[in-house]
Structure formats: structure tokens, C-alpha cells
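0 is the number of the first residue of the sequence shown in numbering that gives the first Met the number 0; add one for each residue after it.
A short worksheet on the structure shown next.
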Amino acid sequence: MVTRSAVPLLVAGMLLTGISNSLLNKWQDMQCVGNCDATDPKQRIEFSQPVWQTLQMFLGECLCLLPVLARLAYSRYHASRDAALKKPLLLHYPPDSGIVVQGDNDSPTSRLNADSSAASYDATRSYVHSGATHAPAEPATVAVPPPEIAARALQPGEADESAIHDDLVPADHAGEDLSGRAIFLFFMPAFCDICGTTLMNVGLLFTPVSIYQMTRGALVLWVGVFSVIFLRRHLFLFQWLSLVTVMLGVCVVGMSGTLFSSSEPKVESEDELPEAAQTLLGVLLILFAQLFTASQFVLEERIMSRYAVEPLLAVGYEGIFGTLTTLVAMPFLHYFIGRTPEGRGGYFDMAAGWHQIIHVPAVFYSSIAIAFSIAFFNFFGLSVTRTVSATARSTIDTCRTLGIWIVSLVLGWEVFRPLSGGLQVVGFGLLVYGTFLFNGIVSPPAACVTHPRGYEPAPVDDADEVDGAPSRR
0 MVTRSAVPLL VAGMLLTGIS NSLLNKWQDM QCVGNCDATD PKQRIEFSQP VWQTLQMFLG
60 ECLCLLPVLA RLAYSRYHAS RDAALKKPLL LHYPPDSGIV VQGDNDSPTS RLNADSSAAS
120 YDATRSYVHS GATHAPAEPA TVAVPPPEIA ARALQPGEAD ESAIHDDLVP ADHAGEDLSG
180 RAIFLFFMPA FCDICGTTLM NVGLLFTPVS IYQMTRGALV LWVGVFSVIF LRRHLFLFQW
240 LSLVTVMLGV CVVGMSGTLF SSSEPKVESE DELPEAAQTL LGVLLILFAQ LFTASQFVLE
300 ERIMSRYAVE PLLAVGYEGI FGTLTTLVAM PFLHYFIGRT PEGRGGYFDM AAGWHQIIHV
360 PAVFYSSIAI AFSIAFFNFF GLSVTRTVSA TARSTIDTCR TLGIWIVSLV LGWEVFRPLS
420 GGLQVVGFGL LVYGTFLFNG IVSPPAACVT HPRGYEPAPV DDADEVDGAP SRR
């Protein structure tokens, strides 16, 4: 268990790695990989390989298995060392020595020796033990599993705080062991993650990083709707209104992105979409990607509510399935699309993407940095969820959006203009208010608290599972 004194470090780590993750992805998209000496910026070729970026994301999730494997190796090492210390000190002894070894009481030799005069030895000599003062009179009690294992069947945000602080988890929360073919259940959320992440990576090519991050706020809308449809949940009236508020904020942010892109007239080539249209296309792709991400979260919740699986291990399973699926799909995408004249050098030209990653140092090192930032973001996020609450994690994630916007303005990637910037502020405010209202961070209006007779709302913490699901970027 993480001590409360470490919470500020966990929050800072989650905020830093979350901001770094989105900024590194956008910075990687801005790297020139061809015709870099051209005076016309339109003739320069920038890195645009969303499939490779999806693969590096899954490789980062695979890194979450390292602490799990390290802990397993540590446990096995100590178990083998303890077993070695508990071995009998006397492996061979004379048949008439009178020593009775525990567990051999039914052998003829033991019964014979028990009847001999040597059986009157002191009782402490009648047992061979591992240094204890006396032999145990009754079996040892079963050790309570570590809290990080015992709590793994609980959904983030649902665990009783007293149980967490007392390092105890109620027994009725225990789920089935995830083993055998049940592990393959994580293939479906991994597949949804592939589709959603790839679409978001394409959308990031056409939108500023701040608008990209704000548009992802529509996730709470789709998760809320899917929770009602597939998980049979019921929501308060104010939660439905908060979802509408989030959607309105996303629309305002998308409008601000279109105005931002069209504020400066630029000469467009005949075969290229106007920049405003590209931004609108990017926003639509990111919104469509949230459908897959919401499906991923709902599937993860169904799996983790039935099976006892540690969140980091669940992230690692999805990373393995996502990596293998992406590696299998990449040759087919390259053969049918990437190697054609129209697709050469495009999103699915895997050979060009590999060449760019290997031969452009900025792209190569940023790929490694993105993988590690994803791994650490998952670690810090899960630690914050377990130590504080999933609501706190959703609040920190909202601050991450604000941090990304501020950093992109400081770096000069975006320029604040009165019209488009003002709309972006309004849209961001609507997103924050809607998310906080849905998660119960701010008090809802009194008129919206009532609900129809028989309309049973789920606990507010259930909504926090949106931010407590394993896979996060």
C-alpha cells in the first residue's frame, strides 16, 4: 500500500506523464522525415504513421507487466528460501535413535521407537523444526493476501475506504481467478483500443493538441450511454444533463478549432483539403474514436467485475493482445493499401514508417519516450485511484487537459486569438463542469436531483469507473 505522504508525488507523476504523453505524440507528428531542406513547408514530409504509434502505445502497456513479474519473482525467491530453511536438519538418523519425525508416526519404525525407552526424551527433541522454540500445537492460520491482490476484484472507486485503509477487503468482493482461456477475454477490449487509438492518432494529425485533448472529453458521454444500455445502470437526471453539457462543450471546442484553422488565409494545393476542413475531420475522427474507447471501458468493467485480476496485470494483458494483433494486421494493411501507388508513404506504408523511425533520431527517441510515458501514466493513475479515489483521478485528468493547452501555447504550437480562443475557453469550461457534475465533484442543481418513482440511480462512484479502467493514455 502506498502511504498518504506519497500521494502528492503520485499526483505530480500522473499529471506530468499525462501531459508528456499527448505532447510527445504531437511533437512526433511534427518531425520532418523527408524533403527537410525544402524552402516551401508544404513540400516537407512530416511523420504520419498512426498505426506505428498505436503499436508503441501497446508496447508501453506491456511494460506494465514488469512490476508484476518482478513481484512474482521476488515472492518465489522468498518462498524457495523459506522452504530451504524449513527442511529437516537431520535427513538420516540411526534406526534406534528414538527420534520421531513429524509426519512419520504411522511407519513401523516410528511405532517401534515410540515404545522404546528412547521415547521418553523431552518433547522438544521429538520434532525437527526450523528454529522455533516449540513445535506448533495447531496449523498456522492462512495469511491474508496483500491488499493489492485482495482488492484487485474491486472496480476502482467502489472499494470501501475503511477496507482500503485497514488493508482488508470484504470477502464477498472476491471474483473468479483469471486463468486459462479466460485471459483471452481481454482480446476484445484490446481490439477496441486498437481502433480507438488509431483513429485518435489520425485525428491528432489534423487538430491542435489542446483541441484533441478536449474533444476526448466526449468519452464520458458515450460511457454513460453504454453503461445504461449494456450494464443496465440508471442515472440521475442531473447526470443526463451533465452528459448533454459535455456534448455541448465538445461542439463548442470543435467550432473553435475550425475558426482557429481558418483565421489565417493559406494557399492550399488542389488535391489538399482546406485546413479548416482538416480540423473538422480530425474532430469527427476523435469523436468517433470515443465509441470504441467507451466500448473498451464497458468490456473491461464486465471482465473485472467477474474475475479477480490486478489492474496492472489487466493493462499488461491488453498490451500483449494489442501488440500481437497490431503486428499481425500491419503486413496485411501494407500489402493491400501501403504498397499501392496511392498508399505509398501514407498511413499504412509500414516499410516507410519503419525506415522513418529507425533513421530519424527524433522519431526513434520520441517513440521510446512515449512508450515509457504510457507505462508510468498507467502506474501513477492506478496508484492514485487506489490511494485516493477515482474521482480524484478524473479531476487530475481534467487538469492535464488544461496543462496541455498551456504548454502548447508556451511552445508556440497554438496562438490564442480572441474569437477562437474565447470559444475554446467556453467549451473547456462546459467540459469541466459537465465532467465534474457527472462525477459528483460539484453539487447538482436542486431541481435536477429528483428522479421518477422506481428510477434507481447508481452510486456516483460508478461513474468514476470511466477514469479507473486499466488502459489509459
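Note that CB positions come from ideal geometry on N, CA and C, so glycine has one too.
Uninterrupted beta strand (DSSP E) stretches inside the region 321-367 (no shorter than 3 residues): none
Give the range of the alpha helix (DSSP H) segment to which G420 is assigned. On the sequence shown, position 421 is the one that residue 420 refers to. First-last of the alpha helix (DSSP H) with G420: 417-438.
Mapping the DSSP letters down to three states, classify C35 as helix, strand or coil. Start at 1 with the first residue of the sequence shown, and residue 35 comes out as number 36. Three-state DSSP puts C35 in coil, outside helix and strand.
How big is the Cα-Cα spacing for T197 and S79? To locate residue 197, count along the sequence shown from 1; it is residue 198. To locate residue 79, count along the sequence shown from 1; it is residue 80. Each residue's Cα considered, the two are about 45 Å apart.
Coarse secondary structure for E299, derived from DSSP in three states: Mapped onto the sequence shown, residue 299 falls at position 300. In this structure, E299 counts as helix in the three-state DSSP scheme.
Quick check: the Cα distance between M329 and C447, rounded to an integer number of angstroms? One-based indexing of the sequence shown puts residue 329 at position 330. One-based indexing of the sequence shown puts residue 447 at position 448. Roughly 49 Å between the two C-alpha positions.
Taking all protein chains shown into account, do 16 or more other C-beta atoms lie within 10 angstroms of the C-beta of N377, making it buried, or fewer, making it exposed? The count along the sequence shown starts at 1 and reaches residue 377 at position 378. Per the 10 Å Cβ criterion, buried.
Which partner residues does Q192 have in the DSSP bridge list? Here residue 192 refers to the residue found at position 193 when the sequence shown is read from its first residue. A small fix is needed here, since residue 192 is Asp in this sequence, not Gln. None, per the DSSP bridge assignment.
N34 and I369: beta carbons closer than 8 Å? Taking the sequence shown and counting its residues from 1, the one referred to as residue 34 is at position 35. Taking the sequence shown and counting its residues from 1, the one referred to as residue 369 is at position 370. When the beta-carbon positions are compared, N34 and I369 stay at least 8 Å from each other.
Inter-residue spacing [alpha-carbon to alpha-carbon] between A291 and E299: Indexing the sequence shown from 1 puts residue 291 at position 292. Indexing the sequence shown from 1 puts residue 299 at position 300. Note that residue 291 is Phe in the sequence shown here, rather than Ala. So the alpha carbons of these two residues sit roughly 12 Å apart.
On the criterion of 16 or more Cβ atoms from any shown chain inside 10 Å, does G223 qualify as buried, or is it exposed? What you label residue 223 is simply residue 224 of the sequence shown in a count that begins at 1. Buried, since its Cβ has 16 or more Cβ neighbours within 10 Å.
Would DSSP call E309 helix, strand or coil? Walking along the sequence shown from the start, residue 309 turns up at place 310. Coil at E309, not helix or strand.
Other residues of its chain near I357: CB distance less than 7 Å, five sequence neighbours each side excluded: Reading the sequence shown from its first residue, position 358 is the one you call residue 357. The residues are F363.
Kindly list the residues whose CB is nearer than 8 Å to the CB of F287, restricted to its own chain and excluding five residues on each side of it in sequence; keep chain order. The residue labelled residue 287 in the question sits at position 288 within the sequence shown. Here the set comprises L198.
When DSSP labels each residue in this structure, what does E317 get in the three-state scheme? Stepping through the sequence shown from its first residue, residue 317 is reached at position 318. Three-state DSSP puts E317 in a helix.
Rounding to the nearest angstrom, what Cα-Cα distance links L422 and L230 in this structure? Along the sequence shown, one-based indexing puts residue 422 at 423. Along the sequence shown, one-based indexing puts residue 230 at 231. In this structure, the alpha-carbon of L422 lies about 35 Å from that of L230.
Counterpart residues of D176 in DSSP-defined beta bridges: Counted from its first residue, the sequence shown places residue 176 at position 177. DSSP, once it has assigned bridges, lists A307 as partnering D176.
Within 8 Å, do at least three Cβ pairs link the region 309-324 to the region 49-63? In short, these stretches touch, since the Cβ pair count reaches three.
So for E60, helix, strand or coil by DSSP? Along the sequence shown, read from residue 1 onward, the residue named residue 60 stands at position 61. Reduced to three states, the DSSP call for E60 is helix.
Which one of L283, A217, A37, A189 has the shortest CA to CA distance from G202? Looking up residue 202 in the sequence shown gives position 203. Of L283, A217, A37, A189, the residue nearest in Cα terms is L283.
Boundaries of the alpha helix (DSSP H) in which P7 is found, first to last residue: Within the sequence shown, the letter at position 8 stands for residue 7. Unbroken alpha helix (DSSP H) run through P7: 6-28.
So with Cβ pairs under 8 Å, would you call T339 a contact of chain C? Absent from the structure is chain C; it holds one protein chain and no more.
Are the CB atoms of F347 and V32 nearer to each other than 8 Å? In the sequence shown, residue 347 corresponds to position 348, counting from 1. In the sequence shown, residue 32 corresponds to position 33, counting from 1. Going by C-beta atoms, F347 is not nearer than 8 Å to V32.
Please check the pair T53 and S372, which I expect to be a contact at CB under 8 Å, by giving their CB distance rounded to whole angstroms. Along the sequence shown, read from residue 1 onward, the residue named residue 53 stands at position 54. Along the sequence shown, read from residue 1 onward, the residue named residue 372 stands at position 373. T53 to S372, Cβ: 15 Å. No contact.
Since V219 contacts V252 with CB under 8 Å, what's their CB separation in whole angstroms? Indexing the sequence shown from 1 puts residue 219 at position 220. Indexing the sequence shown from 1 puts residue 252 at position 253. Wrong, their Cβ atoms sit about 14 Å apart, outside the cutoff.
Whole-number beta carbon distance between V383 and V10, since they are thought to touch under 8 Å: By one-based count along the sequence shown, residue 10 stands at place 11. By one-based count along the sequence shown, residue 383 stands at place 384. V10 to V383, Cβ: 6 Å. Contact.
Can you name the start and end residues of the alpha helix (DSSP H) that T206 belongs to? On the sequence shown, position 207 is the one that residue 206 refers to. Unbroken run through T206: none, as it is neither H nor E.
Please report how far the alpha carbon of V425 lies from the alpha carbon of F435, in whole angstroms. On the sequence shown, position 426 is the one that residue 425 refers to. On the sequence shown, position 436 is the one that residue 435 refers to. Looking at the two C-alpha atoms, the distance is approximately 15 Å.
In terms of alpha-carbon separation, which member of L326, M254, C250, I367 lies closest to M349? In the sequence shown, residue 349 corresponds to position 350, counting from 1. The residue with the shortest Cα to Cα distance from M349 is L326.
Out of T386, L401, S47, W353, state which residue places its alpha-carbon closest to the alpha-carbon of L8. Position 9 of the sequence shown holds residue 8. The residue with the shortest Cα to Cα distance from L8 is T386.
Is there contact here, the region 40-49 with the region 300-309, by at least three beta-carbon pairs under 8 Å? no
Return helix, strand or coil for E45, following the three-state DSSP convention. For the purposes of this step, residue 45 is taken as residue 46 along the sequence shown, with counting starting at 1. Here E45 sits in strand by DSSP.
Tell me the rounded alpha-carbon separation between W239 and A69. As a working note, residue 239 is residue 240 in the sequence shown. As a working note, residue 69 is residue 70 in the sequence shown. Distance between the alpha carbons of W239 and A69 is about 44 Å.
Three Cβ pairs or more, each shorter than 8 Å: is that satisfied between the region 332-343 and the region 22-32? The region 332-343 vs the region 22-32: no contact.
Are M13 and F235 close, meaning C-beta to C-beta below 8 Å? Position 14 of the sequence shown, counted from the first residue, corresponds to residue 13. Position 236 of the sequence shown, counted from the first residue, corresponds to residue 235. Not a contact, by the Cβ cut-off of 8 Å.
Roughly how many whole angstroms lie between the Cα atoms of W353 and F427? Taking the first residue of the sequence shown as position 1, residue 353 is located at position 354. Taking the first residue of the sequence shown as position 1, residue 427 is located at position 428. If you take the alpha carbons of W353 and F427, they lie about 37 Å apart.
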